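Below you'll find the structure, written out as structure tokens, and then a few comments.
In my numbering, the protein residues as written are 31 to 208.
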């Protein structure tokens, strides 16, 4: 079944409506998302509709869908709105080959710089260009965050071998007398 989100009004990347629409799409569409929450399909639709400018997804609805889908677009939007960046930082997110990760970082940075030159050539940045550029900046930051995590794990491993590693919780537990 095709979701109404696929054929409805365009949503600009980096907006609350776009983040809500991505979360609803990850849940399987309007009806499926509504069935996993406390709201009706018409209300769920309003959360994703740019024309319903003053209707936004409540946190409990976003959390329920985020937990069900693993999609963190609303949380990422809220972080960006607060001037923060949200990226998954897990050891499994690291590149198997660090050189491949560096190459991807360079390629994405090149894309961001080239787009900037193209988009700003006329001295203006329209909403479509800004949306595209923001998406590519986020991709660049995501790659950099994955590489950073990989380097951080290596630093921790070196520190542990040298005896300067982080203390484990059980290291701080009081010693039991025998």
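Heads up, the beta-carbon is just placed ideally off N, CA and C, and yes, glycines get one too. Since the model is a prediction, treat every value here as computed from it, not as a measurement.
I think residue 170 touches residue 142, with their Cβ atoms under 8 Å apart; what is that distance to the nearest whole Å?
5 Å
Contact between the region 39-56 and the region 77-86 is defined here as three or more beta-carbon pairs at a separation below 8 Å; is this criterion met?
yes
Hey, how far is the Cα of residue 105 from the Cα of residue 117?
10 Å
If you drop the 5 nearest sequence neighbours on each side, which residues of the same chain put their C-beta closer than 7 Å to that of residue 46?
Cβ neighbours of residue 46 beyond the five flanking positions: 86 and 107.
DSSP three-state assignment for residue 70, whether helix, strand or coil
coil
Does the distance from the CB of residue 68 to the CB of residue 91 come in under 8 Å?
yes
Would you check if the distance between the CB atom of residue 161 and the CB atom of residue 42 is smaller than 8 Å?
yes
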